[in-house]
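Novice: Per the working numbering, the very first residue in the sequence shown carries number 12; after that it's consecutive.
Dropping the structure in here first, questions after.
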Amino acid sequence: MLMTGLLLAVSVAGTQVVSADSADAYVKEIEAWRAARQERLKSPSGWLSLVGLDWLKPGVNTIGSGKGNDIVIAKAPPRLGSIEWNKDTVRLTLNDGSGAQIDGKTSEGAELLGDDHEKPTIVSFGTVSFYRINRGDKVGLRIKDSEAETRSKFLGLDYFPVDPGWRVEAKWVPFDPPQSLGIPNVLGVIEQMPVPGKAVFEHDGKTLELMPVLEAEGATELFYIIADRTSGKQTYGAARFIYSDMPRDGKVVIDFNKAYNPPCAFTPFATCPIAPPENRLSVAIEAGEKKYRGGHD
């Protein structure tokens, strides 16, 4: 089903007439969303700029471009400084003349806040930057370079045609109390995430269910990590992501035309979640973003 020329839209309540103008407006909405998605991906600090991921060892870790360092970053000074990981504290000390900045300011050092904070501490020098990430009991440095080849040689995104049949209005079944769902990632770490309920909908006579998670306390959107019969073939194998607004009046709208690839589709240095068994659908969702042509899956 293509959106162009669409005159009818089917809902649970029945069939409603949709004008050609409304159909065109929907196509434009999805196209604008996809254009904005690509621009974020291509930004100097976007996922295409990711060039490295190094895990810290407990104690002192030296950093620089010199081969004797514990963490070697090609564009860094020979001896940038050191990072000490002591239990929950990760502290950076910069060497004199490193030329690096911490959160845009010249400093001798600072405690590195991780990506579990709203604003992780950013260390930058030239076109390169890094920040701390926490994954289970592991602590690492995510390294980005605005001149990365993955960014300069980006091939663009490919999509299925916009299909209004994959913009679904699902019944919302709340969990009281909320449940938790084990979300595995590519490192083999399983994170328990809160699940406030499930979305139940029908497509081509099949009843389907998805369990969205809340990414953080106070989240204002539902986050779906999904796989389907296109996964590993037409679409990225590990998962695709979708966000939706919170439920309203016992319903939630999930637009699969906005399904998109995780960062791992573009770089081997990301630590993406994988679709849990509960969100592996038995149908082919031929909507949203396709597998990246320049990817490694």
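The beta carbon of each residue, even a glycine, is placed where N, CA and C say it ideally should be.
Starting from S163, trace the alpha helix (DSSP H) both ways and give me its first and last residue.
Specialist: Here the alpha helix (DSSP H) through S163 covers 160-163.
Novice: Between the stretch 62-79 and the stretch 88-101, do at least 3 Cβ pairs fall closer than 8 Å?
Specialist: Short answer: they touch.
Novice: Look at K182 and Q245 and say whether their C-beta atoms are less than 8 Å apart.
Specialist: Going by C-beta atoms, K182 is not nearer than 8 Å to Q245.
Novice: Suppose the cutoff is 7 Å on Cβ atoms and the five residues either side in sequence are ignored; what does the same chain contact list for P189 look like?
Specialist: Within the same chain, P189 has close Cβ partners P205, V206, P207.
Novice: Here's the rule I'm using: 16 or more other beta-carbon atoms within 10 Å means buried, otherwise exposed. How should W44 be labelled?
Specialist: With fewer than 16 Cβ atoms within 10 Å of its Cβ, W44 is classed as exposed.
Novice: Go ahead and label V294 buried or exposed: buried means 16 or more other beta carbons lie within 10 angstroms of its beta carbon, across all protein chains shown.
Specialist: Answer is exposed; the Cβ neighbour count stays below 16.
Novice: For V71, tell me which candidate among I82, W58, L64, I253 has the shortest Cα-Cα distance.
Specialist: Comparing Cα positions, the closest option is I82.
Novice: Going by C-alpha to C-alpha distance, which of G110, D107, L124 sits closest to V101?
Specialist: Checked all of G110, D107, L124; the closest Cα to V101 is L124.
Novice: Bridge partners of G110, per DSSP?
Specialist: DSSP output for G110 lists no bridge partner at all.
Novice: Do the stretch 156-164 and the stretch 52-60 touch if we need at least three Cβ pairs shorter than 8 Å?
Specialist: Flag = yes, the stretch 156-164 and the stretch 52-60 touch.
Novice: Strictly by DSSP, which residues pair up with P205?
Specialist: For P205, which the question treats as bridged, DSSP gives the partners S191.
Novice: What span of residues does the beta strand (DSSP E) with E232 cover, start to end?
Specialist: Note, E232: beta strand (DSSP E), 232-237.
Novice: What separation, rounded to the nearest whole angstrom, lies between the Cα atoms of P175 and Y142?
Specialist: Taking the straight line joining both Cα atoms gives about 40 Å.
Novice: Tell me the rounded alpha-carbon separation between T156 and L225.
Specialist: The sequence shown places Asp at residue 156, not Thr. Distance between the alpha carbons of D156 and L225: 30 Å.
Novice: Where does S33 sit, in a helix, a strand or coil, going by DSSP?
Specialist: DSSP places S33 in helix when its eight states are reduced to three.
Novice: Taking one C-beta from the stretch 214-232 and one from the stretch 272-283 each time, how about it: are there three or more such pairs within less than 8 Å?
Specialist: The stretch 214-232 vs the stretch 272-283: no contact.
Novice: The beta strand (DSSP E) spanning I94 covers which residue range?
Specialist: Here the beta strand (DSSP E) through I94 covers 92-97.
Novice: Quick check on the DSSP output: the beta strand (DSSP E) that includes G299 runs from which residue to which?
Specialist: From DSSP, G299 is part of no beta strand (DSSP E); its letter is neither H nor E.
Novice: How close, in whole Å, do the beta carbons of R178 and L64 come, if the pair is a contact with beta carbons under 8 Å?
Specialist: R178 to L64, Cβ: 36 Å. No contact.
Novice: Report, in whole angstroms, the separation of the C-beta atoms of L105 and G120, which I expect to be a contact under 8 Å.
Specialist: 6 Å between Cβ atoms; contact.
Novice: Work out the CA separation of G248 and G299 for me, nearest whole Å.
Specialist: Each residue's alpha carbon lies about 14 Å from the other.
Novice: Mapping DSSP to helix, strand and coil, what is I154?
Specialist: Correct three-state label for I154: strand.
Novice: With DSSP as the reference, label G120 as helix, strand or coil.
Specialist: G120: strand per DSSP, three-state reduction.
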